[in-house]
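> Protein chains in written order, with the UniProt record's numbering: chain A, 1 to 253; chain B, 1 to 224.
No residue lacks a Cβ here, since even glycine has one placed at the ideal position from N, Cα and C.
A single structure is presented below for examination.
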Amino acid sequence: MTTETAGSVETSDSGPTSTGSRTTMILGIVTLIALGVLVLFGLILSPADENQGEAVRIMYVHVPSATLSYVGCFLTTIGSVVYLWRKSQWWELVAYAGAEVAALFTAFTLVTGMLWGRPTWGVFWVWDARLTSEAMLMLLLLGYLAVRRLAADYEVRAKRAAIVGLLLVPNVFIVRQSVQWWRTLHQTPTLSLSGAEIQGLMLFSLFTGFIAFTLAFIWMVIHRFRVAWLEEQVDAEGLDAAIAERRAEGVIS
Amino acid sequence: MIMLSDAWLIARKDLKLELRSRVALNQVIPFAILVLVLFAFALDPDRGLLEKATPGLYWVAVLFSGLLAMQRSFSVEAADGVTDALRLSGLAPAGIYLGKTLSVAVQLLVLEVLLGVGVAVLYGTSITGWLLLIATIVVATAAISTAGTLFGVVAAGLRVRETLLPLLLLPVLAPVLIGSTRAFEAALSGTPSEGWPWVGLMSVFAAVYVVAGIFGFGPLMEES
Numbered sequence: 001m002t003t004e005t006a007g008s009v010e011t012s013d014s015g016p017t018s019t020g021s022r023t024t025m026i027l028g029i030v031t032l033i034a035l036g037v038l039v040l041f042g043l044i045l046s047p048a049d050e051n052q053g054e055a056v057r058i059m060y061v062h063v064p065s066a067t068l069s070y071v072g073c074f075l076t077t078i079g080s081v082v083y084l085w086r087k088s089q090w091w092e093l094v095a096y097a098g099a100e101v102a103a104l105f106t107a108f109t110l111v112t113g114m115l116w117g118r119p120t121w122g123v124f125w126v127w128d129a130r131l132t133s134e135a136m137l138m139l140l141l142l143g144y145l146a147v148r149r150l151a152a153d154y155e156v157r158a159k160r161a162a163i164v165g166l167l168l169v170p171n172v173f174i175v176r177q178s179v180q181w182w183r184t185l186h187q188t189p190t191l192s193l194s195g196a197e198i199q200g201l202m203l204f205s206l207f208t209g210f211i212a213f214t215l216a217f218i219w220m221v222i223h224r225f226r227v228a229w230l231e232e233q234v235d236a237e238g239l240d241a242a243i244a245e246r247r248a249e250g251v252i253s
Numbered sequence: 001m002i003m004l005s006d007a008w009l010i011a012r013k014d015l016k017l018e019l020r021s022r023v024a025l026n027q028v029i030p031f032a033i034l035v036l037v038l039f040a041f042a043l044d045p046d047r048g049l050l051e052k053a054t055p056g057l058y059w060v061a062v063l064f065s066g067l068l069a070m071q072r073s074f075s076v077e078a079a080d081g082v083t084d085a086l087r088l089s090g091l092a093p094a095g096i097y098l099g100k101t102l103s104v105a106v107q108l109l110v111l112e113v114l115l116g117v118g119v120a121v122l123y124g125t126s127i128t129g130w131l132l133l134i135a136t137i138v139v140a141t142a143a144i145s146t147a148g149t150l151f152g153v154v155a156a157g158l159r160v161r162e163t164l165l166p167l168l169l170l171p172v173l174a175p176v177l178i179g180s181t182r183a184f185e186a187a188l189s190g191t192p193s194e195g196w197p198w199v200g201l202m203s204v205f206a207a208v209y210v211v212a213g214i215f216g217f218g219p220l221m222e223e224s
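See the structure below:
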């Protein structure tokens with residue numbers, strides 16, 4: 001995510017000038033190939049599980065997306081900290097892009113988790129520690145995005161969102177801890193996907209899932225960043241143009 | 001310690017304002033009692049459900065009515081350009097934050113004592129484990145007011161603040177709700193040793209928010 005400078009054209013404030021570039025096009029193609037390999041191994045080549053049956057295949061997308069939802073949160077907090085510290089718009093937009101993509105992956109994790117839970121546990125939802133903390137993570141992200149998308153000046157939006165983003169990771173930790181205690185006081189964790197049970201082709205499928213989803217995550221964050229960057233540039237230019245127009249009116253009269 | 005004297009100044013101002021306007025007294029406290037009554041309507045009062053669910057209901061009532069107090073703590077600043085005056089006053093932002101937190105905490109404590117009497121009377125809950133109960137109330141109040149004040153200023157001055165603050169604050173306060181409820185359960189069921197880890201967790205929460213508030217309030221105050 002350090003190669004955010006799109007294409008060969010560099011502007012004075014070193015941001016992207018378009019949403020695409022050769023590098024990310026190649027990245028996108030590689031991502032698609034990886035997803036194809038994941039489909040091949042996850043749905044066709046890997047065997048069904050003894051206990052979970054065919055439902056185990058959901059795990060190959062569920063576990064990577066859950067992991068990446070947390071990566072997105074870290075990105076948001078890091079971006080927010082650097083923005084508050086250095087007032088760098090670049091990092092603020094990284095935080096924003098990270099949060100949006102994290103929200104997407106969290107939603108995907110929740111949906112796939114429920115689809116997995118129905119055949120395995122017989123219900124869509126149990127108050128398991130991981131499920132509950134993932135749901136809370138979703139709500140925290142929605143809070144951040146709500147602030148970031150306020151209809152207000154960029155400075156106001158960015159600064160307030162950065163404070164929320166700064167606290168995102170600490171909140172995630174505290175929520176996870178409390179939910180874990182909360183559930184384990186009453187019952188042992190229902191979900192145990194310890195790596196020891198997963199072997200051979202299944203392990204490889206999961207590994208492929210991690211690679212494919214990580215690539216997709218990077219691709220999405222880069223593109224979301226570029227779109228957000230260009231949006232802010234348009235806004236700023238629009239404002240400058242409007243000010244220039246008013247000035248011109250003043251001169252004529 | 002200019003920060004602390006500033007905090008004291010702000011807290012005194014806010015509390016005096018509450019004392020004179022009587023909004024907390026005339027609206028927030030009746031609302032809190034109303035929530036207790038609504039819970040009785042929603043759950044069957046004759047089957048002991050209310051008594052069993054007292055810790056949870058109590059803290060949900062505290063959160064909802066506390067939310068009103070927090071909204072108010074910032075709506076009094078939004079009117080008549082008071083925000084600008086506050087910014088020009090030269091008070092340390094950290095002091096303003098701590099002062100607002102203190103005044104919200106005092107209001108919450110009053111609310112909690114009244115709600116405690118309310119559940120004891122209305123739900124027939126017998127109260128035991130005083131030490132843990134008081135510790136829980138103190139720590140949970142600190143946690144709610146520190147986080148509430150910080151997110152209160154994030155939402156302050158916006159047209160959407162009434163809807164934004166609950167969305168921001170309630171998920172963040174979920175650990176406090178879980179912790180305070182479990183600690184109360186432990187105290188009321190006579191097993192206080194199970195409750196103390198929760199008090200610890202909420203202390204960590206409050207500490208994180210005090211630090212974040214002291215450092216975050218400056219940037220939030222200086223914005224246009």
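1. Could you check whether the Cβ of Arg-182 of chain A sits closer than 8 Å to any Cβ belonging to chain B?
2. Determine, for Gln-177 of chain A, whether the minimum Cβ-Cβ distance to residues of chain B falls below 8 Å.
3. In chain A, what lies closer than 8 Å to Pro-192 of chain B by C-beta?
4. For Ala-103 of chain A, which of A:Val-123, A:Ala-66, A:Val-56 has the nearest alpha-carbon?
5. According to DSSP, simplified to helix, strand and coil, what is Gly-53 of chain A?
6. Would you mind listing the alpha helix (DSSP H) stretches within the stretch 111 to 183 of chain B that are 4+ residues and don't spill past its ends, in chain order?
7. State the Cα-Cα distance for the pair Val-176 of chain B and Leu-220 of chain B, rounded to the nearest angstrom.
8. Looking at the C-beta of Val-172 of chain A, does it have a partner C-beta in chain B at a distance below 8 Å?
9. Please classify Leu-38 of chain B as buried or exposed, where buried requires at least 16 other C-beta atoms within 10 Å of its C-beta.
10. Looking only at its chain, what residues have a beta carbon closer than 7 Å to the beta carbon of Thr-3 of chain A, apart from the 5 residues adjacent to it on each side?
11. What's the C-alpha gap between Ile-96 of chain B and Leu-75 of chain A?
12. Based on Cα-Cα distance, which residue from B:Lys-100, B:Val-62, B:Ala-92 lies nearest to Lys-16 of chain B?
13. Answer with yes or no whether the minimum CB distance from Leu-104 of chain A to chain B is below 8 Å.
14. With distances taken from CA atoms, which of B:Thr-136, B:Leu-158, B:Pro-197, B:Leu-169 is nearest Pro-55 of chain B?
15. Compare the C-alpha of Ile-77 of chain B against each of B:Ala-147, B:Leu-158, B:Ala-186, B:Ser-193 and name the closest.
16. Throw me the rounded Cβ distance for the Leu-98 of chain B and Thr-141 of chain B pair, which I believe falls under 8 Å.
17. Tell me the rounded alpha-carbon separation between Phe-210 of chain A and Val-147 of chain A.
18. Where Leu-57 of chain B and Arg-246 of chain A are concerned, what is the direct C-alpha to C-alpha distance, given to the nearest angstrom?
19. Let me check understanding here. Comparing Cα to Cα, which of A:Gly-143, A:Glu-231, A:Tyr-70, A:Ser-21 lies closest to Leu-93 of chain A?
20. In angstroms with no decimal places, state the Cα-to-Cα distance between Gly-124 of chain B and Gly-117 of chain A.
21. Skipping 5 residues on each side, what residues in its chain have a beta carbon closer than 7 Å to that of Thr-83 of chain B?
22. Please classify Ser-205 of chain A: does DSSP put it in a helix, a strand, or coil?
23. Under 8 Å between the Cβ atoms of Cys-73 of chain A and Val-169 of chain A?
24. In or out: Tyr-154 of chain A buried (at least 16 other Cβ within 10 Å) or exposed?
25. May I ask which residues mark the beginning and end of the alpha helix (DSSP H) holding Lys-159 of chain A?
26. Identify whether Leu-213 of chain A lies in helix, strand or coil by the three-state DSSP scheme.
27. Which residue comes first and which comes last in the alpha helix (DSSP H) that contains Met-59 of chain A?
28. For the alpha helix (DSSP H) that contains Ile-33 of chain A, what are its first and last residues?
29. In angstroms, rounded to a whole number, what distance separates the CA positions of Ala-135 of chain A and His-62 of chain A?
30. Determine the burial state of Ser-193 of chain B: buried for a count of at least 16 other Cβ atoms within 10 Å of its Cβ, exposed for fewer.
31. Any C-beta of chain B sitting closer than 8 Å to the C-beta of Arg-149 of chain A?
32. Leu-167 of chain B CB to nearest chain E CB: under 8 Å?
33. Are the CB atoms of Ile-178 of chain B and Ser-178 of chain A within a distance shorter than 8 Å?
34. How about Arg-182 of chain B: is its C-beta nearer than 8 Å to some C-beta of chain A?
35. For a test of the three-state rule: what should DSSP assign to Trp-127 of chain A, helix, strand or coil?
36. Which chain B residues are close to Ile-78 of chain A, counting only those with a beta carbon under 8 Å from its beta carbon?
On the basis of the coordinates in this document:
1. Stepping through the first sequence from its first residue, residue 182 of chain A is reached at position 182. The amino acid occupying residue 182 of chain A in the given sequence is Trp; Arg does not appear at that position. Using beta-carbon distances, Trp-182 of chain A counts as an interface residue toward chain B, with a partner under 8 Å.
2. Position 177 of the first sequence, counting from 1, holds the residue named residue 177 of chain A. By this cut-off, Gln-177 of chain A is an interface position.
3. Looking up residue 192 of chain B in the second sequence gives position 192. Against chain A, a Cβ distance below 8 Å from Pro-192 of chain B picks out nothing, because the smallest value is about 14 Å.
4. As a first step, residue 103 of chain A is located in the first sequence; it is residue number 103 there, counting from the start. Its Cα nearest to that of Ala-103 of chain A, the residue A:Ala-66 stands out among A:Val-123, A:Ala-66, A:Val-56.
5. Residue numbering aside, residue 53 of chain A sits at position 53 when the first sequence is read from its first letter. DSSP, read as helix, strand or coil, puts Gly-53 of chain A in strand.
6. Listed in chain order, they are 130 to 155.
7. For the purposes of this step, residue 176 of chain B is taken as the residue at position 176 of the second sequence. For the purposes of this step, residue 220 of chain B is taken as the residue at position 220 of the second sequence. Going by the C-alpha atoms only, they are around 25 Å apart.
8. Sequence index remark: in the first sequence, residue 172 of chain A carries index 172 (1-based). Not an interface residue.
9. By 1-based counting over the second sequence, the position of residue 38 of chain B is 38. When all chains shown are included, Leu-38 of chain B counts as exposed.
10. Counted from its first residue, the first sequence places residue 3 of chain A at position 3. Note that Thr-3 of chain A has pLDDT 42, beneath the 50 cutoff, so the model's placement of it is unreliable and the number below is only indicative. Excluding positions up to five away in sequence, the list reads Thr-23.
11. Here residue 96 of chain B refers to the residue found at position 96 when the second sequence is read from its first residue. Here residue 75 of chain A refers to the residue found at position 75 when the first sequence is read from its first residue. Going from the Cα of Ile-96 of chain B to the Cα of Leu-75 of chain A covers about 30 Å.
12. Indexing the second sequence from 1 puts residue 16 of chain B at position 16. Cα-wise, what sits closest to Lys-16 of chain B is B:Lys-100.
13. As a working mapping, residue 104 of chain A is identified with position 104 in the first sequence. Cβ-Cβ to chain B under 8 Å: no for Leu-104 of chain A.
14. Here residue 55 of chain B refers to the residue found at position 55 when the second sequence is read from its first residue. Cα-wise, what sits closest to Pro-55 of chain B is B:Thr-136.
15. Taking the second sequence and counting its residues from 1, one reaches residue 77 of chain B at position 77. Per the sequence presented here, residue 77 of chain B reads as Glu, with Ile not at that position. Checked all of B:Ala-147, B:Leu-158, B:Ala-186, B:Ser-193; the closest Cα to Glu-77 of chain B is B:Leu-158.
16. Translated into positions along the second sequence, residue 98 of chain B becomes position 98. Translated into positions along the second sequence, residue 141 of chain B becomes position 141. About 14 Å separates the beta carbons of Leu-98 of chain B and Thr-141 of chain B, which is beyond the 8 Å limit, so they are not a contact pair.
17. Within the first sequence, the letter at position 210 stands for residue 210 of chain A. Within the first sequence, the letter at position 147 stands for residue 147 of chain A. Roughly 31 Å separates the two Cα atoms.
18. For the purposes of this step, residue 57 of chain B is taken as the residue at position 57 of the second sequence. For the purposes of this step, residue 246 of chain A is taken as the residue at position 246 of the first sequence. Looking at the two C-alpha atoms, the distance is approximately 58 Å.
19. Here residue 93 of chain A refers to the residue found at position 93 when the first sequence is read from its first residue. Put simply, of A:Gly-143, A:Glu-231, A:Tyr-70, A:Ser-21 the residue whose alpha carbon is nearest the alpha carbon of Leu-93 of chain A is A:Glu-231.
20. The count along the second sequence starts at 1 and reaches residue 124 of chain B at position 124. The count along the first sequence starts at 1 and reaches residue 117 of chain A at position 117. Approximately 40 Å, taken between the alpha carbons.
21. Locating residue 83 of chain B in the second sequence gives position 83, where the first residue counts as 1. So the qualifying residues of the chain are Glu-77, Gly-157.
22. As a position in the first sequence, residue 205 of chain A is number 205, starting the count at 1. Three-state DSSP puts Ser-205 of chain A in a helix.
23. Here residue 73 of chain A refers to the residue found at position 73 when the first sequence is read from its first residue. Here residue 169 of chain A refers to the residue found at position 169 when the first sequence is read from its first residue. Yes, Cβ-Cβ distance for Cys-73 of chain A and Val-169 of chain A is below 8 Å.
24. Within the first sequence, the letter at position 154 stands for residue 154 of chain A. Tyr-154 of chain A counts as exposed, since fewer than 16 other beta carbons sit within 10 angstroms of its beta carbon.
25. For the purposes of this step, residue 159 of chain A is identified with residue 159 of the first sequence, where counting begins at 1. Under the DSSP assignment, Lys-159 of chain A falls in the alpha helix (DSSP H) whose first and last residues are 154 to 166.
26. Taking the first sequence and counting its residues from 1, the one referred to as residue 213 of chain A is at position 213. According to the sequence provided, residue 213 of chain A is Phe. The question's Leu does not apply to it. The answer is helix: DSSP assigns Phe-213 of chain A an H, G or I state.
27. To locate residue 59 of chain A, count along the first sequence from 1; it is residue 59. Its alpha helix (DSSP H) spans residues 59 to 86.
28. As a position in the first sequence, residue 33 of chain A is number 33, starting the count at 1. Boundaries of the alpha helix (DSSP H) around Ile-33 of chain A: 22 to 39.
29. Start at 1 with the first residue of the first sequence, and residue 135 of chain A comes out as number 135. Start at 1 with the first residue of the first sequence, and residue 62 of chain A comes out as number 62. Those two C-alpha atoms are separated by around 14 Å.
30. Stepping through the second sequence from its first residue, residue 193 of chain B is reached at position 193. Answer is exposed; the Cβ neighbour count stays below 16.
31. Indexing the first sequence from 1 puts residue 149 of chain A at position 149. Closer than 8 Å: no.
32. In the structure shown, chain E does not exist; the protein chains are A and B.
33. One-based indexing of the first sequence puts residue 178 of chain A at position 178. One-based indexing of the second sequence puts residue 178 of chain B at position 178. Yes; because the gap between Cβ atoms is below 8 Å, this pair is in contact.
34. Against the second sequence, residue 182 of chain B aligns to sequence position 182. For Arg-182 of chain B, the answer is yes, since a Cβ of chain A falls inside 8 Å of its Cβ.
35. Indexing the first sequence from 1 puts residue 127 of chain A at position 127. Correct three-state label for Trp-127 of chain A: coil.
36. Indexing the first sequence from 1 puts residue 78 of chain A at position 78. At a C-beta separation below 8 Å, Ile-78 of chain A has no neighbours in chain B, since its nearest C-beta there lies roughly 15 Å away.
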